[in-house]
Every structure is written in C-alpha cells, then in structure tokens.
Amino acid sequence: MRTFWRRYGLAYLFIAPAFLGMLLVHYGPMVQGIYMGFLDLRLQTLRLYLQAPFVGLENYREILLNPESTFRAGFLYAVRTTLLYTLVVNALNLSLGLLVAHLLNRPLFLRGLWRSLILLPWVVPSYVVGLLWGFMWLKEGVINHLLVDVLGLLPQKPHWLIGPLTFVGRVKSYV
Numbered sequence: 001m002r003t004f005w006r007r008y009g010l011a012y013l014f015i016a017p018a019f020l021g022m023l024l025v026h027y028g029p030m031v032q033g034i035y036m037g038f039l040d041l042r043l044q045t046l047r048l049y050l051q052a053p054f055v056g057l058e059n060y061r062e063i064l065l066n067p068e069s070t071f072r073a074g075f076l077y078a079v080r081t082t083l084l085y086t087l088v089v090n091a092l093n094l095s096l097g098l099l100v101a102h103l104l105n106r107p108l109f110l111r112g113l114w115r116s117l118i119l120l121p122w123v124v125p126s127y128v129v130g131l132l133w134g135f136m137w138l139k140e141g142v143i144n145h146l147l148v149d150v151l152g153l154l155p156q157k158p159h160w161l162i163g164p165l166t167f168v169g170r171v172k173s174y175v
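Structure follows, in structure tokens:
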C-alpha cells in the first residue's frame with residue numbers, strides 16, 4: 001500500500017481539484033434538491049428558501065402514502081416517465097452503438113468513409129470551438145473589444161496571437 005501511494009500519490013493530488021469540482025457540479029444540485037425535499041417549500045415561498053421550516057420526511061410521506069395528495073399523481077407519473085425514458089434511451093443507445101460498431105468492423109465498401117462520417121459529430125465541435133477561440137483573440141476580436149472599448153482596462157488593442165503574447169495562442173491550442 002505504501003508503494004502505491006509513493007508511486008501514484010502525486011498523480012492523485014493533481015487530479016483532486018478536478019475531481020472535487022466534478023463532485024460539486026454533479027452531486028451538489030442533487031444534494032440540494034434532496035435537502036429542499038425536507039423543507040416546507042411552496043411555490044409562493046420558494047424565494048424564502050433559507051427561512052423555510054424543516055419538516056423532515058413529511059413531504060415524502062404526503063406524496064407516497066396519502067392517496068388524496070394533489071401531488072401524488074404528478075409525482076408518480078414523473079417517476080414512471082423518467083424510468084421508462086432512461087430504460088428506452090439506454091437500451092437504444094447500447095443496441096444501435098453495438099450494431100454500428102459490428103457493421104463497421106466487417107468488410108464493407110468505403111468502410112473508411114463510413115467510419116469517418118461516424119466520427120464527424122465528435123470532431124466538428126472541437127474544430128468549431130478552436131475557430132471561435134481564434135476569432136475571439138484576434139486584434140479586432142471580442143476579447144480586445146471588451147478589454148479596450150467596453151471596460152477600458154487596456155490603452156490599445158494588443159496582438160494576442162503574435163508577438164510577445166503568443167503564449168495565449170499556445171495555451172488556447174492545448175485547452
């Protein structure tokens with residue numbers, strides 16, 4: 001165990017901030033939603049979220065166990081729809097993905113072209129984002145417009161992509 005941490009400890013330390021950020025972004029809203037389920041929140045009092053009284057499991061008991069609850073039918077419909085959607089979409093994604101992978105690994109006329117076409121939706125957004133970043137960092141781009149014309153933080157519009165500030169372009173190309 002000691003050799004494991006000696007060998008991989010620094011790598012885990014480097015990815016820890018990204019991992020914590022992902023936890024915060026992915027699980028933070030979920031935890032907040034569960035916490036809000038324990039509060040007495042109504043549509044009229046949603047703005048008073050921090051002062052809402054804590055009611056514990058009463059909201060869940062009302063929805064799940066009270067057949068006369070006004071929210072029960074909508075809640076059960078939402079749960080049923082979500083489960084059905086999740087099952088159908090995942091089954092279709094898996095089935096179609098395996099089918100296409102199987103078809104593209106067989107001898108096929110223009111197989112290279114078909115494989116390239118399958119990758120286009122994955123490649124094109126990265127290419128477009130790179131172009132947009134390039135346009136933003138031009139001398140007449142939006143970054144200079146904001147820094148010089150709108151905020152007045154710089155006296156003149158610098159050339160970000162050529163000259164002494166070329167590092168911006170290099171950093172951009174790695175991101």
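Each residue of the sequence shown is one higher than the last, beginning at 1 in the UniProt record's numbering. Note that CB positions come from ideal geometry on N, CA and C, so glycine has one too.
Check this for me: beta carbons of residue i and residue j, under 8 Å apart or not?
i	j	result
PHE54	PHE71	no
LEU147	LEU154	yes
TYR35	LEU41	no
For residue i, count neighbouring C-beta atoms within 10 Å of its own C-beta (all shown protein chains included) and say buried if the count is 16 or more, exposed if not.
i	result
ASN93	exposed
TRP137	buried
ASN105	exposed
ASN144	buried
If you drop the 5 nearest sequence neighbours on each side, which residues of the same chain put their C-beta closer than 8 Å to that of residue i?
i	result
PHE19	none
GLY56	PHE38
Using the C-alpha atoms, what's the distance from residue j back to residue i?
i	j	result
PRO107	TRP114	12 Å
VAL31	GLY21	15 Å
ALA11	ARG2	15 Å
TRP133	VAL142	10 Å
ALA16	ARG6	16 Å
GLY97	GLY152	52 Å
LEU87	VAL79	12 Å
ALA101	ILE118	10 Å
LEU76	VAL150	51 Å
TYR127	GLY112	20 Å
SER95	TYR85	15 Å
PRO67	ASN59	13 Å
GLY130	SER116	20 Å
GLN51	PRO29	19 Å
Can you pull the DSSP bridge partners for residue i?
i	result
PHE54	LEU39
Enumerate in chain order the residues of its own chain whose CB-to-CB distance from residue i is below 6 Å, with the five nearest sequence positions on each side excluded.
i	result
ALA73	none
Between residue i and the rest of its own chain, which residues show a CB-CB distance below 7 Å, the 5 nearest in sequence each way excluded?
i	result
PHE135	GLY141
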